[in-house]
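Residue numbers (my numbering): 3 to 280. By construction, the Cβ of each residue, glycine as well, lies at the ideal position given by its N, Cα and C atoms. Here the structure is a predicted model, which means the values were calculated and not measured. Please read the structure below before turning to the comments.
Now the structure itself:
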């Protein structure tokens with residue numbers, strides 16, 4: 003569904019951001035694109051959705067070249083940017099105007115999503131808070147029926163209950179023929195939602211694994227459970243016992259600590275080295 007080969011990109015008069023970047027992602031996944039601010043997440047997303055053009059290499063989405071912006075491509079891809087443009091429309095008028103661009107738009111799903119967030123669609127978008135606008139566009143995007151949904155920092159502006167609603171709606175909308183790509187630096191917000199983790203750092207994808215592989219390859223433990231520090235791939239001190247990532251061991255059972263994993267990958271990428279096709 004997403005195929006990137008030897009992609010290079012730079013902004014005018016600036017150093018190269020991506021150099022021969024490779025990435026393959028298939029349908030049926032909710033993918034977390036993680037990275038610190040400035041890592042290149044938004045630039046990569048804009049290339050994938052046809053808003054920026056690569057300087058070299060190939061980029062295919064749904065079998066098409068995004069930069070060509072064909073009607074078929076645009077009707078099957080929904081992109082929610084972090085910064086939302088101002089609108090003077092009522093929400094129901096926005097739906098009436100833009101839903102026809104998406105042949106699979108589900109009005110019942112949209113209404114249900116809005117109810118989950120507790121938003122009245124008769125309100126004018128200009129009167130909403132930033133977080134409420136996010137809730138509306140998330141509700142709209144999940145109702146489009148698009149095969150590819152791309153959200154850039156979708157939880158920015160959402161309070162804790164709304165973040166929980168977001169995770170539930172994304173999970174319930176997922177089908178085997180979709181790919182949902184969520185970019186964020188707020189790792190904790192994705193919780194148990196994603197089933198694949200990408201980490202972008204300094205313009206390179208330094209980690210690409212399914213959560214199943216992560217569970218099979220690593221254990222997330224307190225440092226007193228595995229006191230031998232030579233086994234730690236990464237650790238953090240805390241009040242009382244610290245936390246550590248170790249190679250998977252048969253006698254250990256643990257849940258993925260996404261925040262700890264992200265910190266470990268960024269701090270010691272050589273210990274978590276992966277490939278674009280893993």
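When rounded, the separation of the alpha-carbon atoms in residue 115 and residue 153 is 16 Å.
For residue 245, DSSP records a beta bridge to 224, 238. The Cβ atoms of residue 119 and residue 141 sit closer than 8 Å to each other. Bridge pairing for residue 62: 5 [DSSP]. Counted as a single uninterrupted DSSP element, the beta strand (DSSP E) harbouring residue 22 occupies residues 20-27. The three-state reading of DSSP puts residue 186 in strand, counting E and B together.
Closest option to residue 29, judged by alpha-carbon separation, among 267, 82, 150, 266: 150.
In this structure, residue 22 lies near residue 10, with their beta-carbon atoms less than 8 Å apart. Within the DSSP bridge table, the entry for residue 129 names no partner. Per DSSP, the unbroken alpha helix (DSSP H) holding residue 100 starts and ends at 93-100. Using a Cβ distance threshold of 8 Å, residue 263 and residue 247 count as a contacting pair.
Following the DSSP letters along the chain, one finds residue 71 in no alpha helix (DSSP H), marked with neither H nor E. Assigned with DSSP and collapsed to three states, residue 204 falls in coil, not helix or strand.
Restricting attention to beta strand (DSSP E) runs no shorter than 3 residues, the region 148-180 encloses them at 150-154, ordered along the chain.
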